[in-house]
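Numbering follows the numbering used here, in which position 298 of the sequence shown is assigned residue number 336; successive positions increment by one, without gaps.
Glycine residues also receive a C-beta, built at the ideal position from the N, C-alpha and C atoms.
Just so it is clear, the structure is predicted and the values come from calculations on it, not from any experiment.
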Amino acid sequence: MKELIEQLKLEHDLCDDALTAIIERDEQDEPLFSAADEVRRANYSTDVYLRGLIEFTNVCKNNCYYCGIRCGNKKEARYRLTPEEILESCESGYNMGFRTFVLQGGEDPRCTDDLICTLVDTIKTRYPDCAVTLSIGEKPRSSYQAYFDAGADRYLLRHETASEAHYRKLHPPELSLKNRKRCLYDLKDIGFQVGAGFMVGSPGQTTRELIADLRFLQQLQPDMIGIGPFIPHHDTPFAHEKAGTLKLTLRMLSILRLMFPYVLLPATTALGTISPIGRELGLKAGANVMMPNLTPRRVRQYYDLYDNKICMDEEAAKCRACQEGRVRAAGYRIVCDRGDVRRPVKPEKREQ
Ligand code: SAH
39 MKELIEQLKL EHDLCDDALT AIIERDEQDE PLFSAADEVR RANYSTDVYL
89 RGLIEFTNVC KNNCYYCGIR CGNKKEARYR LTPEEILESC ESGYNMGFRT
139 FVLQGGEDPR CTDDLICTLV DTIKTRYPDC AVTLSIGEKP RSSYQAYFDA
189 GADRYLLRHE TASEAHYRKL HPPELSLKNR KRCLYDLKDI GFQVGAGFMV
239 GSPGQTTREL IADLRFLQQL QPDMIGIGPF IPHHDTPFAH EKAGTLKLTL
289 RMLSILRLMF PYVLLPATTA LGTISPIGRE LGLKAGANVM MPNLTPRRVR
339 QYYDLYDNKI CMDEEAAKCR ACQEGRVRAA GYRIVCDRGD VRRPVKPEKR
389 EQ
C-alpha cells in the first residue's frame, strides 16, 4: 500500500485496480493523509483561502432527488435576496477580509442574465481586488459568456457523478449528464476558472462510480474540485438513504490532492456537518479552501440542501472568527487574498 501511495504522489495517476485498492483499503489512513499534506504544502504552503458564500436564492426549477431545495419540495419556504442585500453581504464580507465572493443559488428562473451581469459588474467595480465565483447551475453558453464578460472569474458546477447510469438514479429524466458536461467544457473554453465535483456516498455509488469521477476530472482538468458527503434531507425521495462517511470523504480528498497537486480543494460545510471536526480533518487530508457563510441570518435556514447543516444561526462575523480558530488549530494559516489556482507553469521551449 505504501508503494501505491508513493506512486500516486509521484505520477499523479494509477490504474483502476490500484485506485480501487486505495479507496477500499482497510488500513490506517495516516500515510495517505500525510502524503497528501506534503503535496499541499509543496504547492500552497500552509495557506488556506477563504470564500465568502452568499446563498442568494433557494428557488429552483430542478428536481434533483438528493437536494432539499428541489422544486418538488413544497414544504420549503422560498426566498430570493435583493441585489441590495447581496451587496450588503459583500460589504461586510470585504470588511472581514474576504477577497472572493461565491454567489450560489438554485436555478431560479427569475434570476435573469441581466440581473446576474449587473450584480457581477457592481461587485467587481466596488471591489476590483476581489474574485467573483458563480454557482447557479446549467445555462446556455451565451449566458456563461455574458457572465464572464461582466467580470465573473470562476464558476462552480459539480458534475455530481460521471457515470451515466448513476446520474439517472440521482436525477429526473429532464436532466442529463451530457448537458452537465457540456456546461463544464463551455465554461472552461470561455476562460473561467472551473470547479467540478461530486458527493461522496450518494445512493447507488460504489468504488466504480468514484473511479469514473476521477477519470472524468482527469479529462476536464478543473481548477477547483468540490466534494462532500451526501447527507439525506427529510423532504426528498432520499430521506431514508444513508449518509456518506467521514472516512471515505477524507480518503477521496487525499486521493484528489495526490492526483491534482495544484487544485483548489475545499473542506466543505457538508464535511463539517457529519463530524464536528470534519473540516479540520479535511485540511489535514489535503484541502486548502474554506467557505464561511455570508448569507444573511434571516434566510440562512432556508438554504437547507440537507438535514442538520451547520452554522445556520450564526452571524457572519462569528462564522469567520470560528473558522480562523479551526484553521489555526489544525496547523494552517488563513490568507487574505483572492486565492487563485497555482498551476505549474510549463517550461518555455528554449530556442536552439
Ligand atoms: N444550483 C447549483 C448549486 C447547487 S447546490 C448547481 O446546480 O450547481 C451545491 C451542491 O450541493 C450541489 O452541487 C450538490 O453536490 C450539493 N448537495 C445538494 N444536495 C446535497 C445533499 N443532500 N447532501 C450533500 N450535498 C448536497
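Boundaries of the beta strand (DSSP E) in which Q231 is found, first to last residue: Here the beta strand (DSSP E) through Q231 covers Q231 to V238.
Buried versus exposed call for N217 [16 or more other C-beta atoms within 10 Å across all chains shown]: When all chains shown are included, N217 counts as exposed.
Buried versus exposed, by CB contacts within 10 Å (16 or more), A188: Flag for A188 reads buried.
Whole-number beta carbon distance between T199 and Y205, since they are thought to touch under 8 Å: Between the beta-carbon of Y205 and that of T199 there is about 5 Å, and that keeps the pair under the 8 Å contact cut.
Neighbourhood of Y182 by C-beta distance below 8 Å, restricted to the same chain and skipping five residues each side: Excluding the 5 residues flanking it on each side, Y182 has same chain C-beta neighbours closer than 8 Å at Y193, C221, D224, L225, I228 and F230, in chain order.
Nearest-angstrom Cα separation, counted from E122 out to S240: Cα to Cα, S240 sits roughly 36 Å from E122.
Check: E247 C-beta below 7 Å from any heavy atom of the ligand SAH: E247: no, Cβ never under 7 Å from the ligand SAH.
Alpha-carbon to alpha-carbon, C374 and A355: Take the alpha-carbon of A355 and the one of C374: they are about 15 Å apart.
C-beta atoms of L213 and Q142 nearer than 8 Å: No, the Cβ-Cβ distance between L213 and Q142 is not below 8 Å.
Inter-residue Cα distance where the pair is C357 and K347: Cα to Cα, the separation comes out at about 14 Å.
Whether I265 touches L291 by CB criterion (8 Å): Result yes, Cβ atoms of I265 and L291 sit closer than 8 Å.
Alpha-carbon spacing of I312 relative to G242, whole angstroms: Rounded to whole angstroms, I312 to G242 spans 19 Å at the Cα level.
Burial state of K177 (16 or more Cβ within 10 Å): Result: buried.
Assigned exposure category for A190 - 16 Cβ within 10 Å defines buried: The residue is buried, with at least 16 neighbouring Cβ atoms inside 10 Å.
Cβ-heavy atom distance, R196 to the ligand SAH, below 7 Å: Yes, the ligand SAH has a heavy atom inside 7 Å of this Cβ.
Sub-8 Å separation of Y344 and H278 beta-carbons: Going by C-beta atoms, Y344 is not nearer than 8 Å to H278.
Near the ligand SAH: C109 beta-carbon under 7 Å from a heavy atom: The answer is no for C109.
CB of E318 within 8 Å of CB of A250, strictly: No; because the gap between Cβ atoms is not below 8 Å, this pair is not in contact.
R137 and R376 closer than 8 Å at C-beta: The answer is yes: Cβ separation under 8 Å.
Residues near R164 by beta carbon distance below 6 Å, same chain, minus five either side: When the five nearest sequence neighbours on each side are left out, no beta carbon in the same chain lies closer than 6 Å to the beta carbon of R164.
Per DSSP, cross-strand counterpart(s) of P147: P147 pairs with nothing; no bridge assigned.
Length of the line joining the Cα atoms of A281 and I269: About 5 Å.
Contact check, C149 vs A184, beta carbons under 8 Å: A distance of 8 Å or more separates the beta carbons of C149 and A184.
8 Å CB neighbourhood of L208 in its chain, flanking five on each side removed: If we look at L208 and ignore the five residues flanking it on each side, its Cβ neighbours are C102, Y103, Y104, E198, T199, S240, P241 and G242.
Any non-hydrogen atom of the ligand SAH closer than 7 Å to E145 Cβ: Correct: E145 has its Cβ closer than 7 Å to the ligand SAH.
Cβ neighbours of A323 in the same chain (closer than 7 Å, five flanking residues each side left out): Same-chain partners within the cutoff: F71, A74, L288, L291 and S292.
Any non-hydrogen atom of the ligand SAH within 7 Å of L343 CB: True, at least one ligand heavy atom lies under 7 Å from that Cβ.
L284 and I263 closer than 8 Å at C-beta: Not a contact, by the Cβ cut-off of 8 Å.
Sub-8 Å separation of P275 and A308 beta-carbons: Taking a C-beta distance under 8 Å as the contact criterion, P275 and A308 do not qualify as a contact pair.
Cβ of F71 within 8 Å of any chain C Cβ: The chain labelled as chain C is not found in the depicted structure, where only one protein chain is given.
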